[in-house]
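All remarks here apply to the structure that follows.
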Amino acid sequence: MDVFDAIYARRAVKHFDPHHEMTQAEVDRLLEAAIQAPTSFNIQHWRFVVVRDPELRRQIRANGNDQAQMTDASLLVLMTADVQAWRKQPERYWANAPKEVADEDRAVLPAARGVRSVPRRDPAAAACAFTPPSTTAPS
Ligand SMILES: Cc1cc2nc3c(=O)[nH]c(=O)nc-3n(C[C@H](O)[C@H](O)[C@H](O)COP(=O)(O)O)c2cc1C
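Quick note on numbering: the sequence shown equals residues -11 to 127 in our numbering.
Below, the structure is given as structure tokens:
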């Protein structure tokens, strides 16, 4: 698909068939596509929570402005983030990078740790926002 066709054809989908069920292969393919999204330092600290329990989905809907897609879409994914992910072997992020990139990343990583004026949740929220929203799909 042409990139401009993709941009102009995309719409926020608000109505879903509540009886449609996605196959596990379709869910896997979507989530696999979602993790192609960029993250700061390539930390990949988003954590996708697939909510399947109907009662839990009803509660989420009640707390989410009663938006029908929270119960009616065949897949509901909560975007969460591990704000401590940077502690877990951060050298993995630049393992395959050229030396100058690795040196720079090692030097500036503290900004991602939430020291001083950079709250840890901000890069985490940005990473979640970069992934394809669950209510959005090509028309
Ligand atoms: C940050 C953000 C939050 C949004 N939140 C919701 C939402 O809670 N519920 C919803 O139905 N649509 C939500 N939308 C989708 C917008 O309503 C939609 O993108 C906008 O109306 C433009 O329509 P389009 O995406 O079809 O061009 C959100 C969009 C953005 C960018």
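The C-beta atom is built at its ideal place from N, Cα and C for all residues, glycine as well.
Distance between residue j and residue i (C-alpha atoms, nearest Å)
i	j	result
alanine 112	leucine 64	20 Å
glutamine 77	glutamine 24	21 Å
valine -9	alanine 22	18 Å
alanine 83	valine 71	21 Å
aspartate 110	threonine 68	12 Å
aspartate 16	lysine 2	22 Å
asparagine 53	leucine 18	26 Å
serine 105	glutamate 88	Summary for serine 105: the model assigns pLDDT 47, below 50, so the residue's position carries little reliability, and this model does not support an answer.
glutamine 55	aspartate 41	17 Å
methionine 10	arginine 75	36 Å
proline 6	asparagine 51	19 Å
alanine 0	alanine 13	23 Å
Neighbourhood of residue i by C-beta, 6 Å cutoff - its chain only, sequence neighbours within 5 removed
i	result
isoleucine 48	Met58
alanine 129	The structure shown does not extend to residue 129, since the chain spans only -11 to 127, so no value can be given for it.
alanine -6	none
Contacts around residue i, its chain only, beta-carbon distance under 7 Å, and the 5 residues preceding and following it disregarded
i	result
proline 26	Phe118
arginine 35	Thr68, Ala69 and Asp70
Helix, strand or coil at residue i [DSSP, three-state]
i	result
alanine 25	coil
valine 37	strand
threonine 59	helix
leucine 64	coil
alanine 83	coil
Cβ-Cβ distance between residue i and residue j below 8 Å
i	j	result
alanine 90	serine 28	no
leucine 66	valine 96	no
alanine 85	phenylalanine 4	no
valine 39	arginine 45	yes
Residue from the options whose Cα sits closest to the Cα of residue i
i	options	result
arginine 80	Thr68, Arg94, Val71 and Ala69	Arg94
Cut-off 8 Å between Cβ atoms - residues of its own chain near residue i, not counting five sequence neighbours on either side
i	result
histidine 8	Ser62
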